[in-house]
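Chains as they are written, first to last, in my numbering: chain A, 605 to 804; chain B, 605 to 804. Note that beta-carbon positions come from the ideal geometry of N, C-alpha and C, so glycine has one too. All of these numbers come straight from a predicted model, not from anything done at the bench. What follows is a set of notes on a single structure, which appears directly below.
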DNA sequence: AGACCGATTGACTGGTCAGTCAATCGGCGC
DNA sequence: GCGCCGATTGACTGACCAGTCAATCGGTCT
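The structure is reproduced here in structure tokens:
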């Protein structure tokens with residue numbers, strides 16, 4: 605295992621280059637040669653590390669989405685009130701965007717919202733996130749913190765959809781993205797959805 | 605004008621076929637010949653009526669999106685309370701989906717959420733919808749019906765995002781789509797967002 | 001009849017890439 | 001020094017498809 609340790613990890617280099625190029629041009633209009641050029645690597649090397657252009661995208665998605673799934677589970681694990689759990693989820697997603705906007709752009713634009721092409725492939729994993737959020741809502745309903753006349757699946761979709769749309773807004777410069785806006789946006793989404801979910 | 609009136613409008617036939625094919629296979633993986641075949645028309649005729657495959661999609665989008673813009677404006681025009689205005693908007697979008705799910709799938713998946721390719725082209729029109737919704741929120745803030753400490757643009761994005769995500773859920777069979785679910789979903793979105801927007 | 005013209009047809013072309021593969025490199029063990 | 005093997009290179013190929021275009025059809029007007 606320790607036997608192989610080239611000074612620069614070309615595989616990683618290719619993945620990082622792919623993030624930049626996919627974010628810039630979109631998956632469909634990037635040629636494999638664009639990735640190779642951006643990575644400063646020969647064309648063929650991409651195929652040494654990945655089966656296809658699609659596998660590069662898959663890898664990027666899976667890498668980050670699994671973190672999201674873990675974060676949601678962790679948010680649900682603590683004995684916090686459901687509102688705090690949802691806030692943790694929102695915070696994680698928004699933080700992910702601030703940390704690496706290009707990667708999040710790729711994931712949202714090319715996978716999550718491209719449910720025809722790649723979304724199809726990853727529907728199960730995407731769905732797992734919605735389900736986990738729904739479970740948080742359900743938990744809140746059981747303790748009486750949230751009212752029970754709302755389908756948790758609806759609530760989950762609305763909550764996630766609102767957040768994703770905010771990210772889209774930032775990605776495409778539709779809403780202000782100053783430092784303070786991120787925190788404000790998070791508070792707003794949590795406030796609206798939760799105020800709607802809590803008993804009157 | 606009345607001089608040309610072929611019994612069947614081939615142009616319309618092509619557009620309707622395109623809706624079906626785009627919905628089934630997605631824009632990128634439908635060949636122009638698929639559209640022609642589905643429409644029962646020769647390949648070249650598509651190019652007689654449209655400049656390119658992309659123009660077919662543009663036409664479909666513009667046709668329906670202008671209805672949405674009109675509906676939002678109309679919702680805002682009446683002297684109703686802002687909550688009722690937002691409800692009218694949600695109702696229109698959901699009704700659009702019930703009326704022609706395939707067309708809405710195409711618009712959402714291929715344009716609205718494909719902000720790299722076509723979204724770019726139509727960003728102005730898409731943005732107009734967000735802006736109009738934001739104006740409704742702003743109006744509510746002015747009369748004191750909504751609290752003023754929330755950026756109307758954020759509220760607009762969250763509101764629209766929540767609805768679009770619900771449509772996505774129906775499109776991809778992630779949430780139940782029985783007759784009663786549509787009304788329930790509409791009520792829920794309006795309730796949550798508005799409850800969050802109204803003063804405590 | 002016959003000229004005119006938009007509607008309609010579908011074979012064909014040009015360009016674009018994804019993926020292949022044979023060749024070369026370079027580090028390591030013996 | 002030599003052989004082994006994974007890493008790396010980039011030229012090449014085969015498939016695919018958007019868009020072109022020359023030919024034909026069929027209705028209408030004179």
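So with CB distances below 8 Å, who are the chain B contacts of residue i?
i	result
residue 768 of chain A	765 and 769
residue 662 of chain A	Going along chain B, no residue has its Cβ under 8 Å from residue 662 of chain A, so there is no contact; the nearest lies around 17 Å.
residue 731 of chain A	778
Excluding the 5 residues flanking residue i on each side, which residues of the same chain have their C-beta closer than 6 Å to its C-beta?
i	result
residue 742 of chain A	756
residue 698 of chain A	786 and 790
residue 808 of chain B	An answer regarding residue 808 of chain B cannot be provided, because it is not within the stretch 605 to 804 covered by chain B.
residue 669 of chain B	729
residue 795 of chain B	none
residue 775 of chain B	709
residue 766 of chain A	793
residue 744 of chain A	686 and 750
residue 770 of chain A	789
residue 616 of chain A	none
At 7 Å on the CB atoms, spell out the chain B contacts of residue i, in chain order.
i	result
residue 796 of chain A	762, 796, 797, 800 and 801
residue 779 of chain A	757, 758 and 761
residue 726 of chain A	None at all; the shortest Cβ gap to chain B is about 12 Å.
residue 754 of chain A	792
Considering only residues of the same chain and omitting the five flanking positions on each side of residue i, which have a CB-CB separation below 8 Å?
i	result
residue 614 of chain A	643, 645, 649 and 653
residue 623 of chain B	664, 704, 706, 707 and 710
residue 625 of chain B	634, 638, 639 and 642
residue 764 of chain B	733, 734 and 737
residue 610 of chain B	Because the pLDDT at residue 610 of chain B is just 47, under 50, the model does not fix this residue reliably, and the point stays unresolved.
residue 612 of chain A	none
Below 7 Å CB to CB, which residues in the same chain sit around residue i once its five sequence neighbours on both sides are set aside?
i	result
residue 621 of chain A	639, 642 and 643
residue 636 of chain A	647, 650 and 657
residue 655 of chain A	none
residue 694 of chain B	767, 790, 793 and 794
Going by alpha carbons, who is nearest to residue i out of the options?
i	options	result
residue 630 of chain A	A/617, A/749, A/684 and A/712	A/712
residue 701 of chain B	B/798, B/758 and B/627	B/627
residue 674 of chain B	B/655, B/718 and B/733	B/733
residue 660 of chain B	B/695, B/618, B/676 and B/687	B/618
residue 750 of chain A	A/718, A/683, A/793 and A/798	A/798
residue 696 of chain A	A/676, A/685 and A/687	A/676
residue 768 of chain A	A/783, A/715, A/754 and A/748	A/715
residue 735 of chain A	B/657, B/745 and B/773	B/773
residue 793 of chain B	B/776, B/657, B/721 and B/692	B/692
residue 803 of chain A	A/766, A/777 and A/687	A/687
residue 634 of chain B	A/720, A/731 and A/658	A/720
residue 779 of chain A	B/758, B/780 and B/682	B/758
residue 658 of chain B	B/748, B/694, B/632 and B/800	B/632
residue 801 of chain B	B/738, B/683 and B/678	B/738
residue 746 of chain B	B/766, B/612 and B/685	B/685
residue 784 of chain B	A/754, A/636 and A/612	A/754
residue 731 of chain B	A/731, A/777 and A/694	A/777
Going by other Cβ atoms of all chains shown within 10 Å of its Cβ, with 16 needed for buried, is residue i buried or exposed?
i	result
residue 594 of chain A	Residue numbering for chain A in the displayed model covers 605 to 804; residue 594 of chain A lies beyond these limits and cannot be assessed.
residue 752 of chain A	exposed
residue 671 of chain B	exposed
residue 718 of chain A	buried
residue 782 of chain B	exposed
residue 762 of chain B	buried
residue 647 of chain A	exposed
residue 683 of chain A	exposed
residue 748 of chain A	exposed
residue 607 of chain B	Note that residue 607 of chain B scores 38 on pLDDT, short of 50, meaning its location in the model is unreliable and no value can be drawn from it.
Which chain B residues are close to residue i, counting only those with a beta carbon under 9 Å from its beta carbon?
i	result
residue 784 of chain A	Correct list: empty, because the minimum Cβ distance to chain B is about 11 Å.
residue 717 of chain A	712, 713, 716, 717, 718, 719 and 772
residue 789 of chain A	755, 758, 761 and 762
At a CB-CB cut-off below 8 Å, which residues of chain A make contact with residue i?
i	result
residue 630 of chain B	720 and 721
Name the chain A residues whose beta carbon is nearer than 7 Å to that of residue i?
i	result
residue 625 of chain B	Here the premise fails: no neighbours, minimum Cβ distance about 12 Å.
residue 734 of chain B	778
Three or more C-beta pairs below 8 Å linking the stretch 711-725 of chain A and the stretch 663-681 of chain A: By the Cβ criterion, the stretch 711-725 of chain A is in contact with the stretch 663-681 of chain A, since at least three pairs of Cβ atoms, one from each stretch, lie closer than 8 Å.
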